[in-house]
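Below you'll find the structure, written out as C-alpha cells, and then a few comments.
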Amino acid sequence: LTTATLIAGTAGMAAAQQTVGFSQIGSESGWRAAETTLTRQQAEERGINLQFSDAQQRQENQIAAIRSFVAQGVDAILLAPVVATGWDSVLEEAAEAEIPVILLDRRVDSAEDLYMTAVGSDLVHEGEVAGDWLVGEVGDEECRVVELEGTTGSSPAIDRATGFRNALEGHDNIEIVRSQTGDFTRSGGKEVMESFLQAEGGGQDICALYAHNDDMALGAIQAINEAGLNPGEDILIVSIDAVPDIFQAMADGDANATVELTPNMAGPAFDALEAYWADGTEPEKFIQTDSTLYTQSDDPMAEYEARKDLGY
Ligand code: GZL
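Using mature numbering (1 follows the signal peptide of the UniProt record, and there is no 0), the letters of the sequence shown map in sequence onto residues -16 to -1, 1 to 296.
The following block contains the structure:
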C-alpha cells in the first residue's frame, strides 16, 4: 500500500459514521409523527446512524432510553422531553460520559450546562399569537373561552397557557372559563370537549376554543359537530401546529386559525452536531424556530397540499 493510499484510508476512517440516539416522546399527534419522519430523513441524508426510541409518552421510558444510549457510547443524544422536570440525574450521566444532548421542541428545568442546545419555538409567543388572533376576531363582544391544555407539566402546556393569557390582558370581555388537559391527542381533545359542552349549556355558552395543538382541536371539532353545533362559527377554533388536517378543517369552515410549528427540529440539531464534531464549535443555547399564523383566508387547501406528504 502506498503512503497516499494509507493516508486516504485513514482520513476515510476519521469520517466514520456517527451514531445518534433519539429519545422521542411517542406518536401522540400528527405533528410528533412528522417530527419523527423528518428526523429519520435528515439522519439518512447526512449518513448518521439513528438509534430511535419511542417512549409511549412516559418519562421513565425516556430516562431508560438515555441510559441505554450512554451505555452504547453513542456520539450524541436527541431528547424531546415529555415533561420539563426530573431530568437532572440522567443528563448528568450523559455529561459525565461526555455525550452531547440536544433538546427538541420542548424545554427542561435542568441547568443549561446539562445540554448542548435546545431547538424549538418560543412557546409563550405561540400562545400570544393565538390569543391576539382571538382578540382581533371578538373585539368588544363578550366571549367565554374553553381551553384544551397539552400534556400536564410539559413546557408547551405551561408556556402556551401563559402566552394566551398575556394576549387577553386588558380584554376583560374575553374570559377563559374552563381549562383541562387533552394530553395533545385527538381522543383527549374530543373527550374533554364533550365534558365542556355538557358543562356549558350544551355549548350555547361557549364562544371559542383554544387548543394547545391541532390534534386536540380536531377531536373537539368532532364533539362540537356531534352536539349539533357548527365548529368555526358557533364556536371559534384556534390552535397550534399547522398540521395538514387543520387546513382541511379550515377549508370545511370547521376551524379558524392555527400557529405553525415546524416539525423539522432535527435539521438545526444535526447542523449543530456536525459543526461540533468537525471542530468543537458549540451552538447558542437556544436555536429558535418561527411561529407563523394561518387563518381561513390563507388558502387552506394550498397549505394542506404543501404539508400532506411530510409524514404527519
Ligand atoms: C411543541 C411540541 C408539541 C406539539 C404537539 O413544541 O412539543 O408536542 O405542539 C406535540 O403536537 O404533542
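The beta-carbon is built from N, C-alpha and C at its ideal position, and this holds for glycine as well. None of the values given here were measured: they were computed from a predicted structure.
Exercise. Among residues of its own chain, excluding the 5 on either side of Pro215, which ones have a beta-carbon nearer than 6 angstroms to its beta-carbon?
Worked result: Excluding positions up to five away in sequence, the list reads Ile205, Ile208, Ile221 and Asp238.
Exercise. Under the three-state reduction of DSSP, which class applies to Leu277: helix, strand or coil?
Worked result: DSSP places Leu277 in strand when its eight states are reduced to three.
For this session: Give a single yes or no on whether Pro247 has its beta carbon closer than 6 angstroms to a heavy atom of ligand 1.
Result: It does not: the Cβ of Pro247 is nowhere closer than 6 angstroms to a heavy atom of ligand 1.
Exercise. Straight-line CA distance for Ala49 to Gln43?
Worked result: Roughly 10 angstroms between the two C-alpha positions.
For this session: May I ask which residues mark the beginning and end of the alpha helix (DSSP H) holding Asp63?
Result: The sequence as given places Leu at residue 63; Asp does not occur at that position. Run containing Leu63: none in the alpha helix (DSSP H); it sits in the beta strand (DSSP E), Ala60 to Leu63.
For this session: Please report the Cβ distance between Glu133 and Ala145, rounded to the nearest whole angstrom; I am assuming they are in contact, meaning their Cβ atoms lie under 8 angstroms.
Result: Yes, Glu133 and Ala145 are in contact; Cβ-Cβ is about 6 angstroms, under 8 angstroms.
Exercise. At what residues does the beta strand (DSSP E) containing Ala195 begin and finish?
Worked result: First-last of the beta strand (DSSP E) with Ala195: Ala192 to Ala195.
For this session: Using 10 angstroms around the beta-carbon of Gly212, count the other beta-carbons present and answer buried if the total reaches 16, otherwise exposed.
Result: By the 10 Å Cβ count, Gly212 comes out exposed.
Exercise. Would you say Pro252 touches ligand 1, meaning its beta carbon is less than 6 angstroms from a heavy atom?
Worked result: Incorrect: Pro252 has no Cβ contact closer than 6 angstroms to ligand 1.
Problem set entry | Simplified DSSP assignment, three categories, for Val67 | In the structure shown, Val67 sits in coil (DSSP, three-state: anything other than H, G, I, E or B).
Exercise. Is any heavy atom in ligand 2 found nearer than 6 angstroms to the beta carbon of Asp97?
Worked result: As for ligand 2, it is missing from this structure, which binds only ligand 1.
Exercise. If you draw a straight line from the C-alpha of Arg24 to the C-alpha of Gly295, how long is it?
Worked result: Going from the Cα of Arg24 to the Cα of Gly295 covers about 11 angstroms.
For this session: Check whether the region 285 to 293 touches the region 224 to 240, taking contact to mean three or more Cβ pairs, one atom from each stretch, closer than 8 angstroms.
Result: Touching, yes.
For this session: Taking Met249 as the reference, give the member of Ser11, Ala102 and Phe36 with the closest Cα.
Result: Ranking the options by Cα distance to Met249, first place goes to Ala102.
Problem set entry | the region 172 to 189 contacting the region 115 to 126, beta-carbon criterion three pairs below 8 angstroms | No, they do not touch.
Exercise. In angstroms, rounded to a whole number, what distance separates the CA positions of Ile160 and Gly154?
Worked result: Rounded to the nearest angstrom, the gap between the Cα atoms of Ile160 and Gly154 is 13 angstroms.
Exercise. By DSSP, does Arg91 sit in helix, in strand, or in coil?
Worked result: Arg91 falls in the coil class under three-state DSSP.
Exercise. Considering Asn33, what are the terminal residues of the alpha helix (DSSP H) in which it resides?
Worked result: Counting along the chain, Asn33 falls outside any alpha helix (DSSP H), though it belongs to the beta strand (DSSP E) covering Asn33 to Asp38.
Exercise. With Val67 and Thr135 assumed to form a contact (beta carbons below 8 angstroms), what rounded beta-carbon distance in angstroms separates them?
Worked result: Sure, about 7 angstroms apart at Cβ, within 8 angstroms.
For this session: Could you check what DSSP says for Ser13 in three-state terms: helix, strand or coil?
Result: In the structure shown, Ser13 sits in coil (DSSP, three-state: anything other than H, G, I, E or B).
For this session: Check whether the Cβ atoms of Ala60 and Val4 lie closer than 7 angstroms to each other.
Result: The answer is yes: Cβ separation under 7 angstroms.
Exercise. What span of residues does the beta strand (DSSP E) with Val227 cover, start to end?
Worked result: Element bounds for Val227: n/a, residue is neither H nor E.
For this session: From the DSSP output, in three-state form, read off Phe168 for me.
Result: Phe168: coil per DSSP, three-state reduction.
Exercise. Is Gln26 helix, strand or coil by DSSP?
Worked result: Secondary structure at Gln26: helix, using DSSP grouped into helix, strand and coil.
Exercise. Which same chain residues, not among the five before or five after Ala39, have their C-beta less than 8 angstroms away from its C-beta?
Worked result: Cβ neighbours of Ala39 beyond the five flanking positions: Ser7, Gln8, Ile9, Gly10, Asn45, Gln46, Ala49 and Val66.
For this session: With DSSP as the reference, label Glu82 as helix, strand or coil.
Result: If DSSP states are grouped into helix, strand and coil, Glu82 belongs with coil.
For this session: Give me the Cβ distance between Gly203 and Gly166, rounded to the nearest whole Å; I'm assuming they're in contact under 8 angstroms.
Result: The C-beta distance from Gly203 to Gly166 rounds to 7 angstroms, short enough to fall under 8 angstroms.
Exercise. Can you give the Cα-Cα distance for Ala27 and Ala95, rounded to whole angstroms?
Worked result: The alpha-carbon atoms of Ala27 and Ala95 are separated by roughly 28 angstroms.
For this session: Per DSSP, which residues does Ile158 bridge with? Please list them.
Result: DSSP output for Ile158 lists Cys127 as bridge partner(s).
For this session: With DSSP collapsed to three states, give me the class of Ala239.
Result: Correct three-state label for Ala239: coil.
Exercise. Just reading off the alpha helix (DSSP H) that Gly251 is part of, what are its end residues?
Worked result: For Gly251, the enclosing alpha helix (DSSP H) starts and ends at Ala250 to Asp263.
Exercise. Identify the residues that DSSP records as bridge partners of Ser163: which are they?
Worked result: DSSP lists Glu131 as the beta-bridge partner residues of Ser163.
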